[in-house]
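Here is the structure we will look at.
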Amino acid sequence: MRVAQLRRFGALIIAAMVLAIPAWSGAAAEDGWPRTFVNVDGSTTEIPKKPERILSTSVAITGPLLAIDAPVIASASAGNGTFFAQWAEVATQHGVENVWPAGTVDLEAVYAVRPDLIVVAASGAGSATDQIDAFRQVAPTILVSDGNETWQELATQLGKASGLEEQASAAIADFDAYVADAREKITVPEGTANIISFHGPGRPNQIARAGGAHASLLTALGFTMEDPDPAWHTQANNRGDFVWAPYENLVDLTSQTTFLLQVDDSKAAAFLDDPVLANVPSVRTGQVYGLGVNSFRIDPFSGREIVDGIVAKFGK
């Protein structure tokens, strides 16, 4: 066969191959699917299409998913078998099924809800990393961190996995605007502030670090946050959000204002009336407040509750 004929023959083959490419392949590339998600452990997960049925295996992740309008069809709950109170009503409105409490996994429920994306937390009471291989037999499964990250950082990652980047950005912008508006409405007390999960003697008392989600929220409201000494930490792994401190170290805190996690103002008396803490500056000034009953985990729902509580306390 002559060279010219070979060239014409090759051109016909290439043309036939182009015509044989399915019409959907160009559309899939155009709208970004499939896409590869980089998990927190460095592995990757291919997500073939935009998810329509998401299973959250950690109750801590479900709040940010709901905030970006992700199609959550099922979620694990807290250890007591209930959803977090700050978004439980929203979950009910969306028909989110409660599949199991933290600390357990029901693989039959995984198959029953027919997810097309499963989200797993890398740590915490709701982590189900030991079942991740089983999950991946059912649907694409991603692994995210919900420890030191803010809900905004988590929402950004979840937006990438679900194709809801715009919704994630909008949710973050709306929340930031809400906080900025609240800052203009309050008069911040003089001096520094700290945040404590108070349990008394015999147990660690978590103190929020300046770079963590809780302290960052109060910083955005205009407070100057005290950073606890990392050397007080009693756990094996250091964290960027909290120091697990012995009860005795609470007397070394210097802030004039203290906020207590998971309680309202009615429960502040336990801290104010503790005789060992009588000389703590915030006790001497009487400036000890509950941060809110849903304040332990900050998501966009509990975050707004905290902001509203701050405005109610310190409004101009």
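To convert, note that position 66 of the sequence shown is 1298 in the numbering used here; the numbers rise steadily by one, no gaps. Don't be surprised by glycine CBs; every beta carbon is placed ideally from N, CA and C. Since we're looking at a predicted model, the values are computed, not measured.
Near glycine 1395, what residues of its chain come up, given a Cβ to Cβ distance below 6 Å and the 5 sequence neighbours on each side ignored? Counting from one through the sequence shown, the residue named residue 1395 turns up at place 163. Within the same chain, glycine 1395 has close Cβ partners Lys1282.
Skipping 5 residues on each side, what residues in its chain have a beta carbon closer than 6 Å to that of aspartate 1531? Here residue 1531 is taken as the residue at index 299 of the sequence shown, counted from 1. Cβ within range, chain order: Gly1295, Pro1296, Trp1383.
Going by Cα to Cα distance, which pick from Leu1375, Leu1493, Arg1346 is closest to glycine 1358? Walking along the sequence shown from the start, residue 1358 turns up at place 126. Nearest C-alpha to glycine 1358: Leu1375.
Are there 16 or more other CB atoms within 10 angstroms of the CB of glycine 1434, so buried, or fewer, so exposed? Translated into the one-based positions of the sequence shown, residue 1434 becomes position 202. Exposed is the label assigned to glycine 1434, since fewer than 16 other Cβ atoms lie within 10 Å of its Cβ.
Through-space distance from proline 1280 to lysine 1545, alpha-carbon basis: Taking the sequence shown and counting its residues from 1, the one referred to as residue 1545 is at position 313. Taking the sequence shown and counting its residues from 1, the one referred to as residue 1280 is at position 48. About 49 Å.
Keeping to the same chain, check which residues put their C-beta closer than 7 Å to that of glutamate 1329; ignore five residues upstream and five downstream. Locating residue 1329 in the sequence shown gives position 97, counting from the first residue. If we look at glutamate 1329 and ignore the five residues flanking it on each side, its Cβ neighbours are Ile1305, Ala1306, Val1345.
With three or more C-beta pairs closer than 8 Å as the rule, is the stretch 1456-1475 touching the stretch 1505-1513? A contact is defined here as three or more CB-CB pairs under 8 Å, and the stretch 1505-1513 fails this definition with respect to the stretch 1456-1475.
Ordered along the chain, which non-local residues of its own chain (more than five positions away) have a Cβ less than 7 Å from that of asparagine 1208? With the chain running from 1233 to 1548 in the structure shown, residue 1208 is simply not present.
Reference glutamate 1535, options Asn1312, Ala1412, Gly1274, Ser1290, closest by Cα: Working through the sequence shown from its first residue, we reach residue 1535 at position 303. Correcting the residue type first, residue 1535 is glycine in the shown sequence and not glutamate. Measuring from the Cα of glycine 1535, the nearest candidate turns out to be Ala1412.
Opposing strand residues paired with threonine 1276 [DSSP bridges]: Mapped onto the sequence shown, residue 1276 falls at position 44. According to DSSP, which records beta bridges pairwise, threonine 1276 is partnered with Val1270.
Between the stretch 1441-1454 and the stretch 1386-1402, are three or more C-beta pairs nearer than 8 Å? By the Cβ rule, the stretch 1441-1454 does not count as touching the stretch 1386-1402, because fewer than three pairs are nearer than 8 Å.
In or out: glutamate 1458 buried (at least 16 other Cβ within 10 Å) or exposed? Here residue 1458 refers to the residue found at position 226 when the sequence shown is read from its first residue. Residue environment analysis places glutamate 1458 among the buried positions, since at least 16 neighbouring C-beta atoms fall within 10 angstroms of its C-beta.
Specify, as a first and last residue, the run of the beta strand (DSSP E) that phenylalanine 1491 falls within. Numbered from its first residue, the sequence shown carries residue 1491 at position 259. According to the DSSP assignment, phenylalanine 1491 belongs to the beta strand (DSSP E) that extends over 1489-1492.
I'd like to confirm the pairing. Which residues does DSSP put opposite glutamate 1329 in its beta bridges? Numbered from its first residue, the sequence shown carries residue 1329 at position 97. Answer is Ala1306.
Apart from the five residues on each side of it in sequence, which residues of its chain come closer than 8 Å, Cβ to Cβ, to glutamine 1488? Here residue 1488 refers to the residue found at position 256 when the sequence shown is read from its first residue. Once the five neighbours on either side are set aside, the close Cβ partners of glutamine 1488 are Pro1421, Glu1422, Gly1423, Thr1424, Ala1425, Pro1513, Ser1514, Thr1517, Gln1519.
Reduced DSSP secondary structure (H/G/I, E/B, other) of phenylalanine 1474: For the purposes of this step, residue 1474 is taken as the residue at position 242 of the sequence shown. Strand at phenylalanine 1474.
Serine 1429, enclosing beta strand (DSSP E) - first and last residue: Taking the sequence shown and counting its residues from 1, one reaches residue 1429 at position 197. Per DSSP, serine 1429 belongs to the beta strand (DSSP E) from 1424-1429.
DSSP on leucine 1504, reduced to helix/strand/coil? For the purposes of this step, residue 1504 is taken as residue 272 along the sequence shown, with counting starting at 1. Assignment of leucine 1504 by DSSP, reduced to helix, strand and coil, places it in the helix class.
Let me make sure I understand the geometry here. Which of Asn1469, Ile1542, Leu1504 has the alpha-carbon closest to that of leucine 1453? The count along the sequence shown starts at 1 and reaches residue 1453 at position 221. Leucine 1453 has its Cα closest to that of Ile1542, out of Asn1469, Ile1542, Leu1504.
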